[in-house]
Amino acid sequence: MIKKIEFEPGYTPSNLRLVVEELQSTGMTQQQIAESIGAARYTTLANWMSEHDQPRHRNMPADKWKNILELFHSKHLP
């Protein structure tokens with residue numbers, strides 16, 4: 036079971052990195068996480084995790100943020 040994490044509400048690159056790190060601690064790869072939330076590639080996930088001032092940064096759509104939170108909660112429950 037993964038630990039409880041504290042972060043500000045809503046999508047930010049740093050919040051997303053926290054969630055992804057916790058999901059990876061369960062054995063999931065970035066590719067598996069991306070596919071689980073409906074993103075085609077792990078590079079899309081990496082772009083969403085990039086800081087706003089980075090050229091490769093892309094904003095994460097709200098539906099994908101919701102999907103990753105649902106995935107996080109499904110892994111968090113015993």
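Just so we're on the same page, the working numbering is the position in the sequence shown counted from 1, plus 35.
Even glycine gets a Cβ: it sits at the ideal position worked out from N, Cα and C.
- In terms of Cβ geometry, V55 and F107 do not form a close pair [threshold 7 Å].
- In the three-state scheme derived from DSSP, where H, G and I count as helix and E and B as strand, R52 is classed as helix.
- Just so you know, the alpha carbons of S85 and S109 end up roughly 25 Å apart.
- Leaving aside the five residues that flank T79 on each side, the residues in its chain whose CB is nearer than 7 Å to its CB run, in chain order, A69.
- Of the candidates S71, A81, R52, L58, the residue whose Cα lies closest to the Cα of R91 is A81.
- Taking 8 Å as the upper bound for CB-CB distance, Q59 and Y77 are not in contact here, some 11 Å apart.
- Nearest neighbour of D98 by Cα position, chosen from H87, I72, P48, G62, turns out to be I72.
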